[in-house]
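**Q**
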Amino acid sequence: MIELKHVTKFYYGTRGVENVELSFPRGEIVGLFGENGAGKTTLMKCILGLHSYDGEITLDGERITRKNIEKLSFATCEHSFFPSLSPYMHMEFYKEHFPKFNEARFKSLMDFFELPNYRMPLRSFSSGQKNQFEVILALSQGADYILMDEPFAGNDLFNRADFYKVLLGILEPTETVLLSTHLIEEVSGFISRAVLLHKGKIVGDVSMEQLEETGENLVDVIKSMYQYQPDRVGKAIEQLSGNRQNR
Amino acid sequence: MKRFLYRKINLSRYVPVEIDFCNEVIPFLIGLAASFFYSLTFIPRYLNVRSGLFLWNSKENLWILEEQIQEFGWEADAFQIVKETDEMFCVLWPFSSLATFEEILGNCLGGYLILMIGMIFLGIYHYALHYRGSKSIYLMRRLPDQKELHRRCLTFPVAGILISLLLFLCLLAGYYCIYRFCTPSIFFDQERLKWMTQTACELRRISI
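Chains A and B supply the protein sequences, listed in that same order.
Heads up: the first sequence begins at 807 in our numbering, then just goes up one per residue.
Heads up: the second sequence begins at 3 in our numbering, then just goes up one per residue.
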């Protein structure tokens, strides 16, 4: 289980995340939602140790150090692979550094997504293919907790649909996925829990089971939690057009 | 021990993942060679200075020189004839002034300094590579082996600096030895220097 206690991160006085208390048990697929700048990426980077922070984050009861960091993998829309290396060379690199690297999963996912020749450098891949490869690496690392930060930015609808199916099909019951995305409707079908961030704070944490019982829709719940005003745009347009007429 | 000696060292582990070891080593070796050949310019510089310590003159003028020497308190045989032809002779001229080692050395070893500065920039470039085209720094920073990133980014530049520094110091010592031991010892004689100073003062007094 990943546990976050009073996690706070400020960037030179600007709030990243503030007093976050969360836990991610094994075997869950958790959706992390929030507007741009809500702190989703910051939260993931704090978990991975890429950012310093105040508070405490533990992984299976222990502080995250080099000894247990291999239990975490990360797929980011910024990409963390080496652009001039081929998929094959990545596989070799991962095998060297992550003893639990799942070569069979890597190869089968490469085949499934029909990614180009194993020997071609990644810089020659399309942006969608790069995203797929980033996700393949994260899924094949052999980690227990897979953190994904908007991994499908730039992928088409069919690609994403394929990915969701694959994800559900290949995940072991002990594997946990923390997925940050804006595609709420798309992922609402397969996540087990939704965590909502707003201006660096947790504003909602709902399980999909709960929502099913109450018959609510995730998008509506999120809108209500954000106190979203549907007529906001209409009012703004009215005001703008009014200003124009006055001129 | 035997196993250690026979173990093949994978040098590509000491440069960033995306860099071919040869692509860094070859320019470095070329830099070392260029610096070495450039440093050899010390030899002609030194020989030029050294030749200035000797005086070629016609044999007819030998007595004039001996008189000049005696005038300033030296024995007539203070200079020895180093070389001679039928008409000319060459003597070590005690009035000559010897350039200091620093003056002769000049920027002869500058190539190594440039190489060392280049290695510092290479280290920075190695880290910057992990932000180019992607953020592979995220992967490198979450590897179980904490030293991997720094080993790959710093080993080669640090080794390059140490090798350059070592060669710099060896050549500096070598050239100093040439300067010190190939120059006639009279030019390092404190007595001569004292005498030279006195002579210079005397000459100034006469001229005034």
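The beta-carbon is built from N, C-alpha and C at its ideal position, and this holds for glycine as well.
Determine the chain B residues that contact Phe887 (chain A) at a beta-carbon separation under 8 Å, and present them in chain order.
**A** Per Cβ cutoff of 8 Å: Ser136, Ser138 and Leu141.
**Q** Arg1060 (chain A) by DSSP, collapsed to three states: which one?
**A** Since the first residue of chain A shown is 807 and the last is 1053, residue 1060 (chain A) is not available in this structure.
**Q** Residues of chain A with CB closer than 7 Å to the CB of Val19 (chain B), please, in chain order.
**A** Phe888, Leu891 and Phe899
**Q** Measure the CB-CB distance between Phe880 (chain A) and Met850 (chain A) and report whether it falls below 9 Å.
**A** yes
**Q** Can you give me the Cβ contacts of Gln947 (chain A) inside the same chain, cut-off strictly under 7 Å, excluding the 5 residues immediately before and after it?
**A** Only Ser879, Tyr900, Phe904 and Phe907 meet the Cβ criterion.
**Q** Under 9 Å, Cβ to Cβ, is there at least one residue of chain A near Phe190 (chain B)?
**A** With 9 Å as the cut-off, Phe190 (chain B) does not count as an interface residue toward chain A.
**Q** Take Met1014 (chain A) as the anchor and find which of A:Lys1005, A:Gly1006, A:Leu1024 and A:Ile1008 has the nearest alpha-carbon.
**A** A:Leu1024
**Q** Taking only beta-carbon positions, decide if Glu876 (chain A) is within less than 9 Å of chain B.
**A** Answer yes: the Cβ-Cβ gap between Glu876 (chain A) and chain B drops below 9 Å somewhere.
**Q** For Ala36 (chain B), which option in B:Leu117, B:Lys149 and B:Phe97 has the closest C-alpha, if you only look at C-alpha atoms?
**A** B:Leu117
**Q** For Arg144 (chain B), decide whether its Cβ has a neighbour in chain A, counting only Cβ atoms nearer than 9 Å.
**A** yes
**Q** Determine whether the beta carbon atoms of His885 (chain A) and Lys137 (chain B) lie at a separation below 9 Å.
**A** Between His885 (chain A) and Lys137 (chain B), the C-beta gap is smaller than 9 Å, which places the two residues in contact.
**Q** Which two residues bound the contiguous beta strand (DSSP E) that contains Ile808 (chain A)?
**A** Ile808 to Tyr817
**Q** Per DSSP, Arg144 (chain B) is paired with what?
**A** Note: Arg144 (chain B) sits in no beta bridge, so no partner.
**Q** Could you tell me the alpha carbon to alpha carbon distance between Asn965 (chain A) and Thr882 (chain A), rounded to whole angstroms?
**A** 17 Å
**Q** Tell me the rounded alpha-carbon separation between Tyr970 (chain A) and Gly867 (chain A).
**A** Between Tyr970 (chain A) and Gly867 (chain A), the C-alpha separation is close to 30 Å.
**Q** Could one say the Cβ of Glu150 (chain B) lies closer than 9 Å to chain A's Cβ atoms, at least one of them?
**A** yes
**Q** I want to see whether chain B comes within less than 9 Å of Gly948 (chain A), judged by CB atoms only; does it?
**A** no
**Q** Can you say whether Gly125 (chain B) is buried or exposed, counting buried as having 16 or more other CB atoms within 10 angstroms of its CB?
**A** buried
**Q** Any idea which residues DSSP pairs Ser879 (chain A) with across the strands?
**A** BP columns for Ser879 (chain A) point to A:Ile952.
**Q** Going by DSSP in three states, Thr102 (chain B) sits in which element: helix, strand or coil?
**A** coil
**Q** Would you mind stating whether Ala161 (chain B) and Tyr48 (chain B) have Cβ atoms separated by less than 9 Å?
**A** no
**Q** Consider the C-beta atom of Pro159 (chain B) and the heavy atoms of the ligand GTP; say whether any pair is separated by less than 8 Å.
**A** This structure simply doesn't include the ligand GTP, nor any ligand for that matter.
**Q** Please list, in chain order, the chain B residues whose beta carbon lies closer than 8 Å to that of Leu945 (chain A).
**A** By Cβ distance, chain B contributes nothing, its closest Cβ being about 15 Å from Leu945 (chain A), past 8 Å.
**Q** Name the residue from A:Val823, A:Pro893 and A:Ser858 whose alpha carbon lies nearest to the alpha carbon of Lys846 (chain A).
**A** A:Val823
**Q** Expressed to the nearest angstrom, what Euclidean distance is found between the alpha-carbon atoms of Phe38 (chain B) and Gly113 (chain B)?
**A** 8 Å
**Q** Enumerated in chain order, which unbroken segments of the alpha helix (DSSP H) with a length of 4 residues or greater are wholly contained in the segment 887-918 of chain A?
**A** Fully contained in the segment 887-918 of chain A are the following alpha helix (DSSP H) runs of length 4 or more, in chain order: 893-903 and 909-918.
**Q** Give the range of the alpha helix (DSSP H) segment to which Ile33 (chain B) is assigned.
**A** Position check: residue 33 (chain B) holds Gly in this sequence, whereas Ile was assumed. Looking at the DSSP string, the run of the alpha helix (DSSP H) that includes Gly33 (chain B) is Phe23 to Ser41.
**Q** To the nearest whole angstrom, what separates the beta carbons of Leu111 (chain B) and Phe30 (chain B), a pair I think is in contact under 8 Å?
**A** About 17 Å separates the two Cβ atoms, so there is no contact after all.
**Q** Would you say Arg872 (chain A) faces chain B, with C-beta separation under 9 Å as the test?
**A** yes
**Q** Could you round the C-beta distance between Met897 (chain A) and Phe912 (chain A) to whole angstroms and report it? I think they count as a contact, below 8 Å.
**A** Between Phe912 (chain A) and Met897 (chain A) the Cβ distance is about 6 Å, and since that is below 8 Å, they are a contact.
**Q** Measuring only between beta-carbons, confirm whether Leu7 (chain B) sits less than 9 Å from chain A.
**A** In this predicted model, Leu7 (chain B) has a pLDDT of only 47, less than 50, meaning its place in the structure is not dependable; the value taken from the coordinates is given anyway. No, Leu7 (chain B) does not count as interfacial toward chain A.
**Q** If we call anything under 9 Å between Cβ atoms a contact, is Ser986 (chain A) one with Asp1011 (chain A)?
**A** Pairing Ser986 (chain A) with Asp1011 (chain A) gives a Cβ-Cβ distance that is not under 9 Å.
**Q** Quick one: any contact between the segment 832-842 of chain A and the segment 975-991 of chain A, if contact means 3 or more CB pairs under 8 Å?
**A** yes
**Q** Is Leu42 (chain B) buried or exposed, if buried means 16 or more other CB atoms sit within 10 Å of its CB?
**A** When all chains shown are included, Leu42 (chain B) counts as exposed.
**Q** Please decide whether Leu854 (chain A) counts as near chain B, where near means a Cβ-Cβ distance under 9 Å.
**A** yes
**Q** Counting along the chain, where does the beta strand (DSSP E) carrying Ser986 (chain A) start and finish?
**A** Counting along the chain, the beta strand (DSSP E) containing Ser986 (chain A) begins and ends at Thr982 to Ser986.
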